[in-house]
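Be aware that the sequence shown starts at 617, since it is given in this note's numbering, and climbs by one per residue.
First the structure, in the form of structure tokens, and then the observations on it.
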Amino acid sequence: MFMQDFARFAPAAPVMTGLAGPAGLTAATLVETRGGWRAAGSLRPGDAVHTLDGGLRRVAAVERAWLMPAPGAEVLHLPGGAFGNDDHVVLTPAQHVLADLTAADAEVGGLPDALAVLIPALALDGWRGAARRRVAAPLEVVTPLFEDEEYVWAASGLLLHCPSVQEGAGAPPSAQGVFPRIGETAARRLLAARDAGGCALPGWAS
């Protein structure tokens, strides 16, 4: 596969307003597999990965690309404990993270009627130590593809969206799915409400 420079070439898939760079897992991101925690960069088709429902799902394909140093090329550093993750993790800005919704979140307004929502990693900038940092060296981005879209366990407590083979790498999650996608502005409102309420664990099953 040819090396792709996401900082210089627009991806074929639609990109949400305000998101720069690709979706996908940075190669060092730890994901939970049948054999334990492994770096996403080591995944191969056929590997079994733990998903939201507690089941193991086999990786159907793996897409790999590179995020290169360039003006505006950034990633998000999420410290351990910031969003249910025990481990520090580096996220691409367009990668989506699953966050559950509670009855209290109805007061935020503008949120879908769902058990959980997918929020872009970029919205976490400034949240409990999370910070955007420029890409200083070539960074491999890995997208595990499954038969259906999945939510995989990563960084010991984080749930990350992975697309289906049919959707392909770079495809954003649906805004009308079982766990719908919300934009950066709505995500920041949700996080502000969680912070004001003293929520200690704002990610899944908080």
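Note that beta-carbon positions come from the ideal geometry of N, C-alpha and C, so glycine has one too.
Since the structure is predicted, the reported quantities are computational estimates derived from the model, not experimental observations.
### Query
Between the segment 638-647 and the segment 760-777, are three or more C-beta pairs nearer than 8 angstroms?
yes
### Query
With 16 as the cutoff for other CB atoms within 10 Å, does Ala722 come out buried or exposed?
exposed
### Query
Looking at the structure shown, is Val678 part of a helix, part of a strand, or coil, going by DSSP?
strand
### Query
Which value, in whole angstroms, describes the spacing of the CA atoms of Thr718 and Pro796?
15 angstroms
### Task
Check whether the Cβ of Ala655 lies closer than 7 angstroms to any heavy atom of the ligand ATP, and answer yes or no.
Here there are no bound small molecules, and the ligand ATP is not part of this structure.
### Task
With a 10 Å radius around its C-beta and 16 neighbouring C-beta atoms as the bar for buried, classify Val794 as buried or exposed.
exposed
### Query
From Ala681 to Ser658, what does the alpha carbon distance come to, in whole angstroms?
14 angstroms
### Message
Can you list, in chain order, the residues of its chain with a C-beta nearer than 7 angstroms to that of Glu800? Leave out the 5 residues immediately preceding and following it.
### Response
Gly634, Pro736, Leu738 and Ala739
#### Entry: Option nearest Gly784 by Cα separation, candidates Arg744, Val675, Asp669 and Arg654
Val675
### Task
Compute the beta-carbon to beta-carbon distance between Pro779 and Glu765, rounded to the nearest angstrom, for a pair I have assumed lies under 8 angstroms.
5 angstroms
#### Entry: Burial state of Glu763, where buried means 16 or more other Cβ atoms lie within 10 Å
exposed
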